[in-house]
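Read top to bottom, the protein sequences are chains G, C and Y. Those letters in the first sequence? Residues 1 to 292, per this note's numbering, in order. Those letters in the second sequence? Residues 293 to 618, per this note's numbering, in order. Those letters in the third sequence? Residues 619 to 986, per this note's numbering, in order. The C-beta atom is built at its ideal place from N, Cα and C for all residues, glycine as well. Down below is the structure, laid out as structure tokens.
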Amino acid sequence: MTMIVQQLVNGITQGGLYALLAISYSLVYGVMSLVNFSTGSIYMLGAVGAWLLCNYLISDFLLSLVVGFAVGFALAFILEKIAFKSIRGISRISSLICTIGFSQMLNELTALLFGKATKGMPSFFSEKAFEVVGVTISWLQLILMLAVVVVLVTLQLFVYKTKMGLAVRTVAMDNTTAGLMGINVDRTISIAFSLAGACAGIAGVAGCIYYRSVSAYMGWIPGIKSFSAAVFGGLSSMPGAILGGYLMGIIENFGVQIFSTGYRDVISFVVMIIFLLFCPAGLLGRKKTTKV
Amino acid sequence: MKKKINPRALILLLALLALLTAFPFCVSNYIIQIAVYCGIYIMLAVSLNLLVGYTGIFSMGHVAFFCIGAYTSALLATKLGIAFPLCFIAGGIGAAFIGALVGFATLRLNDIFLAFTTMGLGEVIRIIIQNASFTNGALGVAGIPMPMLAGHKMTRIEFYFMVLILVLILVYLVSRLVHSNTGRTLKMIRDDANAASSLGVNVFRYKMTIMILSCFVAGLAGSLYATFLQYINASNFSISISINIIAMVAIGGMGTISGPIIGAILLQVLPEAIRFLSNYRQLMFGIALVISIMFAPRGLVGLNWKRIPFIASVCEKLKTNNGKEI
Amino acid sequence: MKKLVSLLLVLMLSMAAFTALADEPVKIALTAPLTGNLSQYGESFQNSVTLACKQWNDKGGVLGRSVELVIEDTAGDPAQAATVAQKIVSDGSIFAEVGDFNTACCMAAQPIYAGSEMLQVSPTCSAVNFAVGSEWSFECLGTQDVQGEFMANWAYENGARKVAVLYLNSDWGISVDNGFAKAFKALGGEIVIEEPYNDGETDFSAALTKLRETEPDALYIACYYNDGAAINIQREVLNWDIPVYHPGTVYSTDFLSIGGTAVEGVLTNVGFYPDDPTPEAASFIAEYNTLYGKDPDYYGACAYDAFNVLMEAIERAGELDTHKVREALAATDAHQGVSGSITFDENGDARKSYIKLTIENNQYKVVR
Chain G
1 MTMIVQQLVN GITQGGLYAL LAISYSLVYG VMSLVNFSTG SIYMLGAVGA WLLCNYLISD
61 FLLSLVVGFA VGFALAFILE KIAFKSIRGI SRISSLICTI GFSQMLNELT ALLFGKATKG
121 MPSFFSEKAF EVVGVTISWL QLILMLAVVV VLVTLQLFVY KTKMGLAVRT VAMDNTTAGL
181 MGINVDRTIS IAFSLAGACA GIAGVAGCIY YRSVSAYMGW IPGIKSFSAA VFGGLSSMPG
241 AILGGYLMGI IENFGVQIFS TGYRDVISFV VMIIFLLFCP AGLLGRKKTT KV
Chain C
293 MKKKINPRAL ILLLALLALL TAFPFCVSNY IIQIAVYCGI YIMLAVSLNL LVGYTGIFSM
353 GHVAFFCIGA YTSALLATKL GIAFPLCFIA GGIGAAFIGA LVGFATLRLN DIFLAFTTMG
413 LGEVIRIIIQ NASFTNGALG VAGIPMPMLA GHKMTRIEFY FMVLILVLIL VYLVSRLVHS
473 NTGRTLKMIR DDANAASSLG VNVFRYKMTI MILSCFVAGL AGSLYATFLQ YINASNFSIS
533 ISINIIAMVA IGGMGTISGP IIGAILLQVL PEAIRFLSNY RQLMFGIALV ISIMFAPRGL
593 VGLNWKRIPF IASVCEKLKT NNGKEI
Chain Y
619 MKKLVSLLLV LMLSMAAFTA LADEPVKIAL TAPLTGNLSQ YGESFQNSVT LACKQWNDKG
679 GVLGRSVELV IEDTAGDPAQ AATVAQKIVS DGSIFAEVGD FNTACCMAAQ PIYAGSEMLQ
739 VSPTCSAVNF AVGSEWSFEC LGTQDVQGEF MANWAYENGA RKVAVLYLNS DWGISVDNGF
799 AKAFKALGGE IVIEEPYNDG ETDFSAALTK LRETEPDALY IACYYNDGAA INIQREVLNW
859 DIPVYHPGTV YSTDFLSIGG TAVEGVLTNV GFYPDDPTPE AASFIAEYNT LYGKDPDYYG
919 ACAYDAFNVL MEAIERAGEL DTHKVREALA ATDAHQGVSG SITFDENGDA RKSYIKLTIE
979 NNQYKVVR
């Protein structure tokens, strides 16, 4: 019993990070039909930004999150303007390679400027909050869970309740028609892309605070895993991506309990594959039929 | 329909062959090693191009078949002491078998979903190999013997020639295939699968055949890789290899014969050529990837041929010739 | 007069010849992952070996000739390691090789060095099948049997009877696990669970929760210092207070700075007394610190030793003959290195000495 609750808590904390990254994939995929493999690098740079803040200026939790948001937003904005805009029309494979090239560039650039060694983050809220049936939950876990939920809810409100969000959804459905209806497609894509970057940046800060370490290569694995979480939940649906992220975190943690840590990544990929084979649109994704 | 061969193209081809034959005798083992890797990656890129470029099957898990070929061959050679030619074929067949299973399950899917499924499968296979005991787990397979040739162990130059011959045969067969009726059907499937099936083409069967063929070639490449390296480890076969192969195809030019070859050579030689940059090497490689896609989104083959006057004229001649032939 | 002039001339000529010979440096190659996700360990290699090389040159070089390093990046990729090995072997002027960091790279390069009879001295490749695979391969980390026994004895003395093992799923991790488990079972203890984790893992809370279910008295965790710090941090988050034993690979100031309060009281080992180092170790630490602004880690110490052991073997052999140097290297007896005393066994694996170490007030402290 203790174990089950504990793994659930672990899974939800970790799933929150996946959910933030998954929604980042989902936003970009929605408006551009592009799988942005540099998401992991933006995650990493958000964490690096938070480390620089905590180490040189002020060690503050909320401010770190703000920095992560700002770094992710700005970086994604610049990337979109200089690169992804010009490759919008090209084949999926080429654009995928381009995002991977950027990811490698960002990682190596960071390694050169920031140093290759892993750096430690200061610890926030490390005291334990309370204990239920032998399960200890720390303030850190609680606050991170809360922060992630706040970000996700805000994003949902933005997408579903504002005019700009409506534009994003329209572009996601059909960007040619959206353009004809008078929506500024370029600006909408740019905003969606930057917001996706901001989510990844915040995820990076949350990740580095939770694991208390930062390194130039920390983004690759979370990037890949949360991508499969996004596919699992449904790439084309934002609530689906969130659900996918949380479920993936939980499934992984129970998978470790049942099988072995060595097979951890197998579990997340097998879940993804099963869904792709039997329900390719994911848990909440729209079903698309190809028209002749 | 007798083939009329353009004398200039023939001379070019003969010169290329002479160069490929002569060059290993003038360079160090280091260069030969890179040349062999180029050969292996050409096999991989060409086989992936059959899927991605000609049939429109976006596989992101090509490394899985490479890996299965390598492990099948390596385990047969080290555990059962089977001679190289058999291991080589077995590597191909093993990969083709798994490819058939994967194809059966995934080929019904939409392009992008198929990409993710194959990517996931690639990782699953790698992690299982890393954890399973019959593959030696994380210890890898060591001491894979070099093939025997006329009573002695193959030297590196001999290995180079073996790979060269295999690559030439492969490229020849693939170019025959894509210019045949089957090839044209494949392109039709790539461009519009629904239209193809409404014309009575059994899309699934064609896709399946190409999948098996492509995986067979990847398996053969894996066997060569394992034998040449003499040691393999599951960590050799990470997702980044798949990405590398895709990059070769995309940078060279999808759906062309020469594109993947150029891409493979470029992406193998470039990291070695910029070795002097040491710490900045990976950074430069990333930049090169981005620039090449941004400025030549259809691949280098699609770009250069029309801009350089000399090549353009040759190209023009070749084209008119092809026209006559048809 | 004529005689004197001719004598002078001969003397000058021979001097010139001698200096020409002495000017020709002894080239040693260092291969390490300088890019990619293992690059922080590769950097440690590069720093330490560059320092060792500088020290030898300050002393007047080896056999009166200066030493030159040729540094090559393998990015932790076995295929690249094989290419680099071929490049080094083909170069013709390089005498021996030091490296690589990870086993896959060492193993992929081994047939090439063995084929052209070049010495391959790996600082950290302790895989059971590495050194035994070729007479030209040596490694300085030490087989895990001795370290495993040392740590098992210590854990047993401290009253642990049920130990849970978490190890990195690599050949190194497996051999650490095997070495410890064998020794601990021989003492009569029980290994309740042996859990591997894959390289690149960042979240250990699930694995730790699983280990906790088995109710062990102590943990033995085979990991690099980054993972080690992460594991201990997550153990702290889970509020699990238990004695933790690590092999010497976590010895690094980064382990302390990342781990912070979480690594307090962790038990490990090291080859030298950090608070009372031998003169060699003291000078290594001091010079490393002035050059790179931080203390060396365990990998750096191993790389430093690997280079020095090789250089001393060349000195003892008296000439640059690979066969003679190989014999001299194999005969290395209790070399007092900074990562411990090194003696090679018949396979070329190092036998090392260990000192108990713990962490108090975020400082390493010897347990006497």
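Discussion item. Can you tell me whether residue 568 of chain C is buried or exposed? The criterion is at least 16 other CB atoms within 10 Å of its CB, across all chains shown.
Written reply: exposed
Worksheet item: Given residue 542 of chain C, which residues of its chain have a CB within under 8 angstroms of its CB, disregarding the five upstream and five downstream residues?
Response: 555, 585, 591
Worksheet item: To the nearest angstrom, how far is it from the Cα of residue 726 of chain Y to the Cα of residue 413 of chain C?
Response: 26 angstroms
Discussion item. Residues of chain Y with CB closer than 7 angstroms to the CB of residue 573 of chain C, please, in chain order.
Written reply: 653, 691
Fill in: residue 316 of chain C beta carbon less than 8 angstroms from that of residue 449 of chain C
yes
Fill in: Contacting residues, own chain, Cβ-Cβ under 6 angstroms from residue 391 of chain C (five flanking each side not counted)
357, 503, 504, 507
Practice prompt. Check whether the Cβ atoms of residue 922 of chain Y and residue 740 of chain Y lie closer than 8 angstroms to each other.
Written response: no
Discussion item. Does any residue of chain Y have a CB that is nearer than 8 angstroms to the CB of residue 280 of chain G?
Written reply: no
Worksheet item: Are the C-beta atoms of residue 367 of chain C and some chain Y residue less than 8 angstroms apart?
Response: no
Worksheet item: What's the call for residue 677 of chain Y, buried or exposed, on a 16-neighbour Cβ count within 10 Å?
Response: exposed
Worksheet entry | Neighbour-count burial assignment, residue 310 of chain C, 16 or more Cβ in a 10 Å radius | exposed
Worksheet item: What is the C-beta distance between residue 681 of chain Y and residue 933 of chain Y, in whole angstroms, given that I count them as a contact (C-beta under 8 angstroms)?
Response: 7 angstroms
Item to complete: Taking only beta-carbon positions, decide if residue 205 of chain G is within less than 8 angstroms of chain Y.
Response: no
Discussion item. Determine, for residue 409 of chain C, whether the minimum Cβ-Cβ distance to residues of chain G falls below 8 angstroms.
Written reply: yes
Worksheet item: Which residues bound the alpha helix (DSSP H) around residue 483 of chain C?
Response: 473 to 483
Worksheet item: Tell me the DSSP bridge mates of residue 445 of chain C?
Response: C:440
Worksheet item: What residues from chain C crowd round residue 792 of chain Y, counting only those whose CB sits closer than 8 angstroms?
Response: 429, 430, 431
Worksheet item: If you drop the 5 nearest sequence neighbours on each side, which residues of the same chain put their C-beta closer than 8 angstroms to that of residue 207 of chain G?
Response: 17, 43, 47, 218, 222
Worksheet entry | Backbone CA spacing between residue 730 of chain Y and residue 325 of chain C [nearest angstrom] | 11 angstroms
Discussion item. For chain Y, check one thing: does any of its Cβ atoms lie closer than 8 angstroms to the Cβ of residue 262 of chain G?
Written reply: yes
Worksheet item: Is the distance from the Cβ of residue 719 of chain Y to the Cβ of residue 660 of chain Y below 8 angstroms?
Response: yes
Worksheet item: Quick check: the region 768 to 777 of chain Y against the region 802 to 819 of chain Y, are there 3 or more CB pairs under 8 angstroms?
Response: yes
Worksheet entry | Neighbour-count burial assignment, residue 639 of chain Y, 16 or more Cβ in a 10 Å radius | Note on residue 639 of chain Y: pLDDT 49, under 50, position unreliable in the model; no value is reported.
Worksheet entry | Contact list for the region 527 to 556 of chain C against chain Y, Cβ threshold 7 angstroms | 527, 528
Practice prompt. For the region 901 to 986 of chain Y, list the alpha helix (DSSP H) runs that are entirely contained and at least 4 residues long, ordered along the chain.
Written response: 916 to 935, 940 to 948
Worksheet entry | Assigned exposure category for residue 445 of chain C - 16 Cβ within 10 Å defines buried | exposed
Item to complete: Could you say if the region 975 to 983 of chain Y and the region 876 to 892 of chain Y meet the contact criterion of at least three C-beta pairs nearer than 8 angstroms?
Response: yes
Worksheet item: For residue 712 of chain Y versus residue 645 of chain Y, is the C-beta distance shorter than 8 angstroms?
Response: yes
Worksheet entry | Helix, strand or coil at residue 639 of chain Y according to DSSP, with G and I counted as helix | Confidence at residue 639 of chain Y is low in this model, with a pLDDT of 49, below 50, so the placement of that residue should be treated as unreliable; the coordinate-derived value is given next. Residue 639 of chain Y: helix per DSSP, three-state reduction.
Worksheet item: Using a C-beta to C-beta distance shorter than 9 angstroms, which residues of chain G count as neighbours of residue 578 of chain C?
Response: 100, 101, 102, 103, 104, 105, 106, 107, 108, 109
Item to complete: Just mark residue 279 of chain G as buried or exposed, buried being the case when its beta carbon has 16 or more other beta carbons within 10 Å.
Response: exposed
Discussion item. For a cutoff of 8 angstroms on Cβ pairs, would you count residue 326 of chain C as touching chain Y?
Written reply: yes
Worksheet item: Just the Cα atoms here: how many angstroms apart are residue 264 of chain G and residue 174 of chain G?
Response: 38 angstroms
Worksheet item: Under a three-way DSSP split, which group does residue 691 of chain Y fall into?
Response: strand
Discussion item. Can you pull the chain Y neighbours of residue 415 of chain C, defined as C-beta to C-beta under 9 angstroms?
Written reply: By Cβ distance, chain Y contributes nothing, its closest Cβ being about 11 angstroms from residue 415 of chain C, past 9 angstroms.
Worksheet item: When the cut-off is 8 angstroms and only beta carbons count, does residue 358 of chain C lie next to chain G?
Response: no
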